[in-house]
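Q:
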DNA sequence: GGGATATCGTTCGTATACGAACGAGGATCA
DNA sequence: TGATCCTCGTTCGTATACGAACGATATCCC
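Protein chains in written order, with this note's numbering: chain C, 1 to 151; chain P, 1 to 151.
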């Protein structure tokens, strides 16, 4: 059956035109899934995309408070806590209280974390390359520009 | 500090050019987060994007086996099970064994699920509209075409 | 000074997401 | 028929993701 009920019951014409496979959200979820799959293949299963985001951000800009770090890596306070905890357990990051603000916890890369991140940088670039491989060069810039407008 | 170590230590030139905020994966995750946020606002917090994907797929094409349904909605076997279980608990879907294949479990919309899905269709279209609102009309088709190539 | 307000980190609960392993059923082919 | 291989559904463990609530600390402003 194509429809679970007769067409005459549909009150709004909109009902006829909805196709899940054509909705941005659904397509974007699939594209994101493929990206994560590529990430896991290249980076290895011992590091997740969000964990990498934290390492890369700390490597680029140094330590920051846990909540700010979360904002910079697109995670809310509850999520960044879990990610930082797991990186702490692996001793890739370290924390210390902020002397200027008793509420804040400063998170920064450990020396081992710096080395680890630097070693992974080329692989991280490969992830982006492979993810964008199906697109022509000019299409890649277009996609990124369009996605940025949807943030 | 801009870099946790001196530039002279970097063995590969690639290290200098990596910027997390410019990687597709990171930008796509943010765009997806905004989409989910819009989804929750419009559809209400009692239904998730994946649950909606299942309802919409069943509404469009009728029942199918659980694993096939998962493939059609971009979820693996473990994930679709959880989603179907929660929809079962709300009596929006119903299941029955496949008479032709003892391994299969057929999942289909319940009568209440059909009504519920039909009522939500206009809102689901609004979700897509609002998600794409920042883009010009011709850009929307471009984005979708590019994302489809990344699946 | 001190009360209202905001931010920070934490915890809980729920829902994807998926790898891995498992047993039951089905298909293929010698 | 029987051995082999594949698919299906299930379960477990781990990791995001985020709303909600909480106490502790800062800040604002009267």
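Glycine is no exception: its CB is placed at the ideal position from the N, C-alpha and C atoms.
Assuming residue 106/P and residue 96/P form a contact by the criterion Cβ under 8 angstroms, report the distance between their Cβ atoms to the nearest whole angstrom.
A: Rounded, the Cβ-Cβ distance is 5 angstroms, consistent with contact.
Q: Can you name the residues of chain P whose CB is closer than 7 angstroms to the CB of residue 149/C?
A: 134, 135
Q: Taking residue 28/P as the query, report the chain C residues whose CB atoms sit under 8 angstroms from its CB, ordered along the chain.
A: 28, 31, 32, 35, 147
Q: Give me the subset of the segment 43–74 of chain P whose CB atoms are less than 7 angstroms from a CB atom of chain C, sorted by chain position.
A: 49, 53, 56, 57, 59, 60, 62, 74
Q: With DSSP run on the structure shown, which of helix, strand or coil describes residue 120/C?
A: helix
Q: Rounded to whole angstroms, what is the Cα-Cα separation between residue 151/P and residue 111/C?
A: Between residue 151/P and residue 111/C, the C-alpha separation is close to 38 angstroms.
Q: Where does residue 100/C fall in DSSP's three states?
A: Coil.
Q: Identify the contact partners of residue 128/C in chain P, using a Cβ-Cβ distance below 8 angstroms as the criterion.
A: The contacting residues are 23, 24, 25.
Q: Please classify residue 143/C as buried or exposed, where buried requires at least 16 neighbouring CB atoms within 10 angstroms.
A: buried
Q: Between the segment 80–101 of chain C and chain P, which residues of the former have CB atoms less than 8 angstroms from a CB of the latter, in chain order?
A: none
Q: Between the Cα of residue 47/C and the Cα atoms of 124/C, 133/C, 132/C, 146/C, which residue gives the shortest distance?
A: 124/C
Q: Going by beta carbon distance, what residues of the same chain come within less than 6 angstroms of residue 146/P, once the five residues before and after it are set aside?
A: Answer for residue 146/P: no residue qualifies.
Q: Does the beta-carbon of residue 82/C have 16 or more other beta-carbons within 10 angstroms, so that it is buried, or is it exposed?
A: exposed
Q: When we look at the beta-carbon of residue 113/P and count the other beta-carbons within 10 Å, is it buried (16 or more) or exposed?
A: buried
Q: At a CB distance below 7 angstroms, what residues from the segment 108–123 of chain C approach chain P? Give them in sequence order.
A: The residues in question are 109, 114, 118, 121, 122.
Q: Quick one, are the C-beta atoms of residue 32/C and residue 28/P less than 8 angstroms apart?
A: yes
Q: Starting from the C-beta of residue 131/C, find all residues in its chain whose C-beta is less than 6 angstroms away, skip the five residues before and the five after it, and write them out in chain order.
A: 35, 38
Q: Using the Cβ count rule (16 or more neighbours within 10 Å means buried), how would you classify residue 25/P?
A: buried
Q: Can you give me the C-alpha to C-alpha distance between residue 76/C and residue 53/C, rounded to a whole angstrom?
A: 14 angstroms
Q: Could you check if residue 78/C is buried or exposed, using at least 16 other CB atoms within 10 Å of its CB as the buried criterion?
A: Residue 78/C sits exposed, since fewer than 16 C-beta atoms from the chains shown fall within 10 Å of its C-beta.
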